[in-house]
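Remember, our numbering sits 51 above the position in the sequence shown when you count from 1.
Where is the CB? At the ideal position from N, CA and C, for every residue including glycine.
Owing to the predicted nature of the structure, the values given are computational and were not obtained by experimental measurement.
Below is one structure; the comments refer to it alone.
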Amino acid sequence: MTDQGVLVRRADGRFDQDVNRARYISHLKEERKRSPRSEADTAFTAAKTRLIELRVKEKERSLIPLDEAVDHMERLIGLFLTNMSGMAARCASDLATRRKIDQVVYETRLAISEAANKLADEAGEPPVQDDAA
């Protein structure tokens with residue numbers, strides 16, 4: 052190590068432990084930086100950290116902000132229901148056909164509502180509180 056210049060002797064031929072300890076640690080750090088394996092280890096550690104962060108966010112349900120997702124879903128459902136409710140007037144001019152279309156729309160909305168409630172029950176969601184009461 053003295054031949055490589057890592058460790059140095061004092062004028063009296065002995066080694067200064069504090070100085071040489073610091074030089075040796077610096078030498079090890081430099082070798083680690085130059086090692087291709089350390090680059091691979093660093094990349095692997097960064098990828099593993101990112102994967103763990105994603106898993107934690109997924110478990111927290113914050114991978115996609117929940118409020119934003121719910122807002123988008125409510126807008127789309129509102130648009131869907133509004134357009135379904137006006138379907139009878141757009142599709143038929145006679146009253147009997149309109150009533151049949153309205154009945155099918157009502158039944159479809161009811162089926163969607165029941166399916167959504169079933170999914171919520173399976174997920175352990177609490178029942179929706181009616182604010183009108």
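Distance CB(residue i)-CB(residue j) smaller than 8 Å
i, j, result
"residue 139", "residue 152", "yes"
"residue 57", "residue 78", "yes"
"residue 61", "residue 67", "yes"
"residue 114", "residue 105", "yes"
First through last residue of the alpha helix (DSSP H) which encompasses residue i
i, result
"residue 52", "Here residue 52 belongs to no alpha helix (DSSP H), and DSSP marks it neither H nor E."
"residue 146", "146-173"
"residue 120", "117-136"
Simplified DSSP assignment, three categories, for residue i
i, result
"residue 112", "coil"
"residue 106", "helix"
"residue 60", "strand"
"residue 81", "helix"
"residue 90", "helix"
"residue 97", "helix"
"residue 143", "coil"
Closer than 8 Å to chain D by CB, residue i
i, result
"residue 63", "The chain labelled as chain D is not found in the depicted structure, where only one protein chain is given."
Of the listed residues the options, nearest to residue i (C-alpha basis)
i, options, result
"residue 161", "177, 132, 150, 141", "132"
"residue 135", "75, 83, 158", "158"
"residue 137", "175, 121, 122, 154", "154"
"residue 43", "168, 100, 174", "In this structure the chain extends from 52 to 184, so residue 43 is not present and cannot be described."
One or two residues paired with residue i in a DSSP bridge
i, result
"residue 66", "60"
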